[in-house]
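Q: Numbering-wise, the sequence shown is residues 226 to 562 according to my numbering.
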Amino acid sequence: MKILGVESSCDETGLAVYDTEAGLLAHAIHSQVAMHADYGGVVPELASRDHIRRVIPLTRGVMREAGVALGELDAIAYTQGPGLAGALLVGTSFANALAAALGIPSIGVHHLEGHLLSPLLATPRPEFPFIALLVSGGHTQLMRVDGVGRYELLGETLDDAAGEAFDKTAQLLGLGYPGGPALSKLADTGLAYRFKLPRPMLNSGDLDFSFSGLKTAVLTLNRKEGDAAKADIAAAFQVAVVDVLAAKCVAALKKTGLHRLVVAGGVGANRALRQRLDAEAEQRRFEVFYPPLELCTDNGAMIAFAGALRLRAGQTAADGRFGVRPRWALGELSAPA
Ligand code: KG4
Ligand code: ZN
């Protein structure tokens, strides 16, 4: 089965062609980061307009690269939610219009399910069940995953998401928007233990997180130490986040008795986090899996893949009716019947 994936939930237009036999044939992403940078955040109306401009040329590009003609597609998967309503509508309308024109099924995919299943696009591929750490700009969750659509929330952030904490802290340090990758790069040049920042909820006894207090601690430290200490402050921030994320992953594995950990979402690209989890895995004898690096952040490949898994498991596509779901909890999903 050949399936086109369309992602447009936020500030990236992602397209991909996935083949259930041959794997990922092509994928392309257009990031709107430069366009939103002047505003310090995503401007929803500008995001929607840009998705409109990009979606058709990107589709042509991935089809050409994959060597697949439109008539050879078996289905189209698109991000139905959660995300920005206007942005979601672009991908959703496009996917459903094209599917109707081609006479093939379309399937709406939950964006976080896409992230959650994206490590299955890598080799080696984790077997179910596993613990998933979902760390993106909008979410920080620990889940138990027993199969497609079989997700149990074990813990989540009470305030900022991990990626959001990276972005806001980067902004405080004058590193621009979205600062996660820039902050992480700077942190890698600093001394992680010159300053000690709090590890929020490290010993809370549950699997929840809280990151909003860290910003304030960074702000205070930066005021006191000045910009000369910026790299060391960034490093102290990064190690504090990594400490908490790693400890809660270990606790989730212990609590469930599972031995496989899967990391997904934009912060999963963070080098320090990967190094720490690899070290913990070796020491504590569990396995850890990541999506391919370029599929950590938003992309069409994870949407095509999740759609393919659901269709193959027998889920039927909606017949001509579609709508977006800007707010949509992962817990509302069920296994394909
Ligand atoms: O999954 P994603 O692309 O979008 C959402 O669905 O939110 O994640 C984007 C988030 C941003 O907050 C970004 O700053 C963060 O992931 N991020 C990173 C790194 N690369 C991306 N955070 C820390 N270190 C990185 N290397
Ligand atoms: Zn995402």
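Cβ atoms here follow ideal geometry from the backbone N, Cα and C, with glycine treated the same way.
Can you list the alpha helix (DSSP H) stretches of 4 or more residues lying completely in the stretch 485-551, in chain order?
A: You should have 496-509 and 526-537.
Q: Could you check if T522 belongs to the surroundings of the ligand KG4, using beta carbon to heavy atom distance under 7 Å?
A: Yes, the beta carbon of T522 sits closer than 7 Å to at least one heavy atom of the ligand KG4.
Q: For a test of the three-state rule: what should DSSP assign to G404, helix, strand or coil?
A: Residue state, collapsed to three classes: coil.
Q: For the beta strand (DSSP E) containing F355, name the first residue and the last one.
A: F355 to V360 is the extent of the beta strand (DSSP E) around F355.
Q: Are there any heavy atoms of the ligand ZN lying less than 7 Å away from the beta-carbon of G248, as far as the coordinates show?
A: Every heavy atom of the ligand ZN is 7 Å or more from the Cβ of G248, so no.
Q: Is the closest heavy atom of the ligand KG4 to the C-beta of S343 under 7 Å?
A: No; taking the cut-off as 7 Å, the Cβ of S343 has no heavy atom of the ligand KG4 nearer than that.
Q: Excluding sequence positions up to five away, which residues of its chain have a Cβ less than 6 Å from the Cβ of V464?
A: Within the same chain, V464 has close Cβ partners A417.
Q: Would you say the beta carbon of H340 comes nearer than 7 Å to a heavy atom of the ligand KG4?
A: Yes; taking the cut-off as 7 Å, the Cβ of H340 has a heavy atom of the ligand KG4 nearer than that.
Q: State the Cα-Cα distance for the pair I301 and I356, rounded to the nearest angstrom.
A: Straight-line Cα distance between these residues: approximately 29 Å.
Q: Leaving out five residues on either side along the sequence, give the residues of the same chain with a beta carbon under 7 Å from the beta carbon of V334.
A: The answer, listed in chain order, is A302, Y303, T304, Q305, I528, A531 and G532.
Q: Inspect the beta-carbon positions of S361 and A312 and report whether they are closer than 8 Å.
A: Going by C-beta atoms, S361 is not nearer than 8 Å to A312.
Q: Could you give the distance in angstroms between the alpha-carbon of G374 and the alpha-carbon of G451?
A: For G374 and G451, the distance between alpha carbons rounds to 48 Å.
Q: Among the candidates A272, L470 and F319, whose CA atom is the shortest distance from the CA of P282?
A: Of the candidates A272, L470 and F319, the one whose C-alpha sits nearest the C-alpha of P282 is F319.
Q: Any heavy atom of the ligand ZN inside 7 Å of the beta-carbon of G490?
A: Result yes, Cβ under 7 Å from the ligand ZN.
Q: With C-beta atoms as the reference, is L240 less than 8 Å away from G525?
A: A contact, by the Cβ cut-off of 8 Å.
Q: If we ignore side chains and look at the alpha-carbon of each, how far apart do V280 and N428 end up?
A: Going by the C-alpha atoms only, they are around 46 Å apart.
Q: Are A489 and H340 closer than 8 Å when you measure CB to CB?
A: Contact: yes.
Q: Using C-beta distances below 8 Å, list every residue in its chain close to F434, excluding the 5 sequence neighbours before and after it, in chain order.
A: Correct list, in chain order: T365, G380, E381, T382, L383, A387, P425, M426, V469, L470 and K473.
Q: What residues match up with M368 in a beta bridge as DSSP calls it?
A: DSSP output for M368 lists A357 and L378 as bridge partner(s).
Q: So, A456 versus T394, is the Cβ gap smaller than 8 Å?
A: Not closer than 8 Å, so no.
Q: Among residues of its own chain, excluding the 5 on either side of L337, which ones have a beta-carbon nearer than 7 Å to its beta-carbon?
A: Here the set comprises L359, H364 and L555.
Q: I believe L498 touches L342 by the beta-carbon criterion, under 8 Å. Please report the beta-carbon distance rounded to the nearest angstrom.
A: Going by Cβ atoms, the distance from L498 to L342 rounds to 20 Å, so no, they are not a contact pair.
Q: Return the CA-CA distance between P551 and E290, expressed in angstroms with no decimal places.
A: Roughly 31 Å separates the two Cα atoms.
Q: Can you check which of these residues, A562, L397, L295 and V487, is closest to T445 by C-alpha distance?
A: Closest option to T445, Cα to Cα, is L397.
Q: Please tell me whether G539 and A562 are closer than 8 Å, where the distance is taken between their beta carbons.
A: Taking 8 Å as the Cβ cut-off, G539 and A562 qualify as a contacting pair.
Q: Compare the beta carbon distance of A460 and A412 with 8 Å and say whether it is the shorter of the two.
A: Yes, the Cβ-Cβ distance between A460 and A412 is below 8 Å.
Q: Give the DSSP-derived three-state secondary structure of Q257 in the structure shown.
A: DSSP places Q257 in coil when its eight states are reduced to three.
Q: Might you give, ordered along the chain, the residues of its own chain that have their beta carbon closer than 8 Å to the beta carbon of E297, omitting 5 neighbours on each side?
A: K227.
Q: Give, in chain order, every unbroken run of the alpha helix (DSSP H) that is at least 4 residues long and sits entirely within the stretch 231-292.
A: Those alpha helix (DSSP H) runs which fall completely within the stretch 231-292 and span 4+ residues are 258-262 and 269-291.
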